[in-house]
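Undergrad: The numbering of the sequence shown is full-length UniProt numbering, which starts it at 1 and goes up by one. Backbone N, C-alpha and C define an ideal beta-carbon position, used for all residues, glycine too. Sharing a structure, written as structure tokens. Questions coming.
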Amino acid sequence: MIRKARLQDARDIHRLITHFSKTGQVIPRPLAEIYENIREFFVFVPERKDLVAGACALHICWEDLAEIRSLVVSEEYQGEGVGINLVKACLDEARTLGVPKVFVLTNAPAFFRKLGFKDIEKTELPHKVWADCVKCPKFPECDEEALILKLSQEDF
């Protein structure tokens, strides 16, 4: 089941992000930051379990731009469409909010291309986005690729 995150999910989200950050798949996030931004997250909770096994956040950057970030799915559930459904939940929320463009910085560009995201140069992203990059442990040697999805106008 995919649903909006709740405060009690923060530690599980942090556990997943920490696990995948050790392999460089996502950027580490402090627990305090997850609590502060809990409303941005969607989570996957398998049936008959009360442990979060996947998470993804939609971070609003500006009036016309949001970012998909911190997409993580436990190894046990990878390949079952959980990541796709988490991203789709974020995109649905972006449509509801009226955000016309959603971008991602990722080491898995092929995954996002399958969902309709298109490659862009990082330099095309606004300077506000770079404020977050400065805090990243990979800065300034970022190995992530930038992709963007323009949501259809009829979605609004």
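Examine the Cβ distances between the region 9 to 26 and the region 59 to 77 and report whether three or more of them are shorter than 8 Å.
TA: Counting Cβ pairs under 8 Å, three or more are found: they touch.
Undergrad: Within its chain, find whatever has a CB closer than 8 Å to the CB of Gln25; leave out the 5 residues flanking it on each side and keep chain order.
TA: Same-chain partners within the cutoff: Val72, Asn107, Ala108.
Undergrad: Count the other CB atoms, across all protein chains shown, that sit within 10 Å of the CB of Leu65; report buried if there are 16 or more and exposed otherwise.
TA: Per the 10 Å Cβ criterion, buried.
Undergrad: Under a three-way DSSP split, which group does Lys22 fall into?
TA: Lys22 falls in the coil class under three-state DSSP.
Undergrad: Any idea if Leu105 is buried or exposed, counting beta-carbon neighbours within 10 angstroms, 16 or more meaning buried?
TA: Buried, since its Cβ has 16 or more Cβ neighbours within 10 Å.
Undergrad: From the DSSP output, which residues share a beta bridge with Glu145?
TA: Looking at the DSSP assignment, Glu145 forms a beta bridge with Thr106.
Undergrad: Have a look at Arg3, Gln78, Ile34, His14 and flag the residue whose alpha-carbon is nearest the alpha-carbon of Phe44.
TA: It is Arg3 whose Cα lies nearest to the Cα of Phe44.
Undergrad: With a threshold of 16 other CB atoms inside 10 Å of the CB of Gly116, please say whether the residue is buried or exposed.
TA: Exposed is the call here.
Undergrad: How would you label Leu97, buried or exposed, when you count the other beta carbons within 10 angstroms and need 16 or more for buried?
TA: Leu97 should be labelled exposed.
Undergrad: Taking the continuous beta strand (DSSP E) assigned at Ile60, which residues delimit it?
TA: Unbroken beta strand (DSSP E) run through Ile60: 54 to 62.
Undergrad: Taking the CB atoms as reference points, tell me whether Ile34 and His59 lie closer together than 8 Å.
TA: Against a cut-off of 8 Å, the Cβ pair of His59 and Ile34 comes out as no contact.
Undergrad: My output table needs one value for Leu16: the three-state DSSP class, helix, strand or coil.
TA: It is helical.
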